[in-house]
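Colleague:
Protein chains: 2
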Amino acid sequence: MRQHFSGQLENMRTDLTDLCSLTETAIDHATRALLDTDLGASEACADVDTEIGYRAQEIDHRALTLIALQAPVAQDLRALISGIHNIADLRRMGSLAAHVAEVARLHFPAPVVPGELRGVISEMGVAAKAQAAAATEVLRDRDCERALELIRADARTDALLRELFAVTKSDDWPYGAASAVNITLLGRFYERFCDHTVEIGRNVIFVVTGDFPVA
Amino acid sequence: MRQHFSGQLENMRTDLTDLCSLTETAIDHATRALLDTDLGASEACADVDTEIGYRAQEIDHRALTLIALQAPVAQDLRALISGIHNIADLRRMGSLAAHVAEVARLHFPAPVVPGELRGVISEMGVAAKAQAAAATEVLRDRDCERALELIRADARTDALLRELFAVTKSDDWPYGAASAVNITLLGRFYERFCDHTVEIGRNVIFVVTGDFPVA
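Those sequence lines, one after another, are chains R and H.
So the first sequence is numbered by the working numbering: it starts at 1 and just counts up by one.
So the second sequence is numbered by the working numbering: it starts at 216 and just counts up by one.
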């Protein structure tokens, strides 16, 4: 029974890792949809988001059942509770990627990102993908050092967002208010996506140590 | 022991209800900070957000301890798991209210909301406050009908956000890109605040019925 239970916990960890890896795929599609005005990539992102939703629900249900039937304690309990938190974060990451792709789709075939901001948005896309990849590793290996790195790396996205806002808010922003609105939303979507990877890092540290990292 | 446990569950429910009531206070301060360019209200909102953070952490810890030590099942387990979810939502609602207040503070003493948008933003403030109040009731009474009403009422905020975006994106938006960026962010903060009340409604339905409402 105990053997069986630890197998189920192991499966859950694998499934969470796979789910996180799907968010990496989703944000990658979204950034391509946006920067290459690629309608196919936008639809692919929406499909991955739907897939994430289905899988998340299934894993969530399984975690609840395990808590109810196995009455786990200590690290096993923390892993299940954290798993439930992770699922909420991963689900939200899927939605945020889908929001990015949807902005691209709504304006298709017009490009949404003005030339001079392609660099920053592209960097946000790269950073978000890297954060999702790091979160996938952290979920798989439960490596606290790597989790702390992931948490610290989020400062990069915050800096990029500030840069983006400074440009759209400058007096000589030439692309009009509608474009500023789109860029603001896109910036927030990427930044929030990365914030959720930080939550995953924090939750993994909680599983391992029983405590949350300070700041 | 069982008696004691049910008392602890009851305390947790009261504490969650109080925490939710604080988010109502926070968003109320935030809207006043914004529409009355009231610096004191902005600071009051930040203080309430800090208070929410402290209380949330304490309740979260207590919920985990109860799950670990009491191995609850069925509705008790669902109440604790949902409680942990609720805490995450309430914490985020506090942050979102603080974001609104912070936008007001950063521009003080200049008003952030152009005259013609005061009506929509004011309505979003009223809607957000009403949603927080409804969520407080739902947490207190675990009334599924009321929870469904709360979930449906969120459509109003979504409509207001669409209205806001339509205005800022119109060709004759006269206030420039910087203002459009602020209004976009504010609109999203209010909308996300309300989204979290919907999550609270869904989680309470889960506590009572063991299942999530469809759509």
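Yeah, the Cβ is synthetic: ideal placement off N, Cα and C, and Gly gets one too.
According to a CB-to-CB cut-off of less than 8 Å, which residues of the segment 368-383 of chain H neighbour chain R?
Modeller: Residues Phe380, Thr383.
Colleague: If we ignore side chains and look at the alpha-carbon of each, how far apart do Ala155 (chain R) and Val419 (chain H) end up?
Modeller: Counted from its first residue, the first sequence places residue 155 (chain R) at position 155. Counted from its first residue, the second sequence places residue 419 (chain H) at position 204. Whole-angstrom Cα-Cα distance: 35 Å.
Colleague: Counting only C-beta atoms, is Thr184 (chain R) closer than 8 Å to chain H at any point?
Modeller: Translated into positions along the first sequence, residue 184 (chain R) becomes position 184. Yes - at least one Cβ of chain H is within 8 Å of the one on Thr184 (chain R).
Colleague: Ignore the nearest five residues each way along the sequence and tell me which others in Val423 (chain H)'s own chain have a CB closer than 7 Å to its CB.
Modeller: Looking up residue 423 (chain H) in the second sequence gives position 208. Excluding residues within five positions, the ones whose Cβ falls inside 7 Å are Arg357, Cys359.
Colleague: DSSP three-state call for Asp358 (chain H): helix, strand or coil?
Modeller: Reading the second sequence from its first residue, position 143 is the one you call residue 358 (chain H). Three-state result, Asp358 (chain H): coil.
Colleague: Once you ignore the five residues that flank His29 (chain R) on each side, which residues in its own chain have a CB closer than 6 Å to its CB?
Modeller: Here the question's residue 29 (chain R) lines up with position 29 in the first sequence. Here the set comprises Ala41, Ala44, Cys45.
Colleague: With a threshold of 8 Å between beta carbons, is Val328 (chain H) in contact with chain R?
Modeller: Taking the second sequence and counting its residues from 1, one reaches residue 328 (chain H) at position 113. With 8 Å as the cut-off, Val328 (chain H) does not count as an interface residue toward chain R.
Colleague: Given this structure, state the Cα-to-Cα distance separating Thr157 (chain R) from Leu117 (chain R), to the nearest angstrom.
Modeller: Position 157 of the first sequence, counted from the start, is the residue given in the question as residue 157 (chain R). Position 117 of the first sequence, counted from the start, is the residue given in the question as residue 117 (chain R). Each residue's alpha carbon lies about 15 Å from the other.
Colleague: Expressed to the nearest angstrom, what Euclidean distance is found between the alpha-carbon atoms of Leu321 (chain H) and Val315 (chain H)?
Modeller: The residue given as residue 321 (chain H) occupies position 106 in the second sequence. The residue given as residue 315 (chain H) occupies position 100 in the second sequence. Taking the straight line from one Cα to the other gives about 10 Å.
Colleague: Determine the closest residue to Trp173 (chain R) out of R:Glu137, R:Ala98, R:Ala104, R:Gly115, with distance taken between C-alpha atoms.
Modeller: Numbered from its first residue, the first sequence carries residue 173 (chain R) at position 173. Selected option, being the one with the closest Cα: R:Gly115.
Colleague: For the alpha helix (DSSP H) containing Leu117 (chain R), name the first residue and the last one.
Modeller: Locating residue 117 (chain R) in the first sequence gives position 117, where the first residue counts as 1. That residue, Leu117 (chain R), is in no alpha helix (DSSP H); it is neither H nor E in DSSP.
Colleague: Return yes when the Cβ of Met227 (chain H) is within less than 8 Å of the Cβ of Ala271 (chain H), no when it is not.
Modeller: Here the question's residue 271 (chain H) lines up with position 56 in the second sequence. Here the question's residue 227 (chain H) lines up with position 12 in the second sequence. For Ala271 (chain H) and Met227 (chain H), no; Cβs fall outside 8 Å.
Colleague: Starting from Gly402 (chain H), trace the alpha helix (DSSP H) in both directions and tell me its first and last residue.
Modeller: Within the second sequence, residue 402 (chain H) is the residue found at index 187, counting from 1. Gly402 (chain H) -> alpha helix (DSSP H) spans 391-424.
Colleague: Just curious, the alpha helix (DSSP H) that Ala65 (chain R) is in, first and last residue?
Modeller: Taking the first residue of the first sequence as position 1, residue 65 (chain R) is located at position 65. It should be pointed out that residue 65 (chain R) corresponds to Thr in this sequence rather than to Ala. Start and end: 39-70.
Colleague: Please tell me whether Val396 (chain H) and Ala180 (chain R) are closer than 8 Å, where the distance is taken between their beta carbons.
Modeller: Translated into the one-based positions of the second sequence, residue 396 (chain H) becomes position 181. Translated into the one-based positions of the first sequence, residue 180 (chain R) becomes position 180. Closer than 8 Å, so yes.
Colleague: Does Ile282 (chain H) come within less than 8 Å of chain R when only Cβ atoms are used?
Modeller: Within the second sequence, residue 282 (chain H) is the residue found at index 67, counting from 1. Yes, because at least one Cβ of chain R sits closer than 8 Å to the Cβ of Ile282 (chain H).
Colleague: Alpha carbon to alpha carbon, how far is Ala325 (chain H) from Ile398 (chain H)? Give it in angstroms, no decimals.
Modeller: Counted from its first residue, the second sequence places residue 398 (chain H) at position 183. Counted from its first residue, the second sequence places residue 325 (chain H) at position 110. The alpha-carbon atoms of Ile398 (chain H) and Ala325 (chain H) are separated by roughly 14 Å.
Colleague: Sort R:Lys169, R:Ala128, R:Val167 by Cα distance to Val198 (chain R) and report the nearest one.
Modeller: Here residue 198 (chain R) corresponds to residue number 198 of the first sequence, with the count starting at 1. The candidate whose alpha carbon is nearest that of Val198 (chain R) is R:Ala128.
Colleague: Grab the span of the alpha helix (DSSP H) containing Asp89 (chain R) for me, first residue to last.
Modeller: Within the first sequence, residue 89 (chain R) is the residue found at index 89, counting from 1. Segment 74-107, the alpha helix (DSSP H) holding Asp89 (chain R).
Colleague: State the Cα-Cα distance for the pair Thr265 (chain H) and Phe421 (chain H), rounded to the nearest angstrom.
Modeller: On the second sequence, residue 265 (chain H) is found 50 positions in, with the first residue counted as 1. On the second sequence, residue 421 (chain H) is found 206 positions in, with the first residue counted as 1. Taking the straight line from one Cα to the other gives about 29 Å.
Colleague: Taking 8 Å as the threshold (beta carbon to beta carbon), is Ile336 (chain H) in contact with chain R?
Modeller: Residue mapping note: residue 336 (chain H) aligns to position 121 of the second sequence, counting from 1. Chain R, which has no Cβ nearer than 8 Å to the Cβ of Ile336 (chain H), makes this no.
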